[in-house]
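Right, one structure below, let's go through it.
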Amino acid sequence: MKPLIYRSNVMSKPVRRRGIQDGFTLIELMIAMAILGIGMVAAVSMHFGTARNNTNGNIITQANMLAKTQLETLKSQNVGLLAAGGPYPDPNNPVNAEGQV
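In case it helps, the numbering used here puts the sequence shown at residues 73 to 173.
Right, dumping it as structure tokens:
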């Protein structure tokens, strides 16, 4: 009896079983797209929220700078030239708060 010799071909293609395929299924792709979409919506909403807060911060900063400028202007003026405050009459100025003499 002659012995059986098996030849192995190194360049041969790998054997595939029937019914098994490589790649993604449609369900897997849809789930991945849904997760990606949710992430993108969250990122976009976070971006707009940050932009809104940045705008509000800029407005507050401008208001503070304007107030500081006005306070510095008042500090630099002569205190005697400033109008007296409150409902009491100023002996040097006969005009009251309503503008009546």
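All residues carry an ideal CB built from backbone N, CA and C; glycine is no exception.
One alpha carbon belongs to T141, the other to N126, and they sit about 22 Å apart. Assignment of F120 by DSSP, reduced to helix, strand and coil, places it in the helix class. Residues of the same chain with their beta carbon placed closer than 6 Å to that of D94 are lacking, with the five preceding and five following residues left out of the count. One alpha carbon belongs to A114, the other to L146, and they sit about 48 Å apart.
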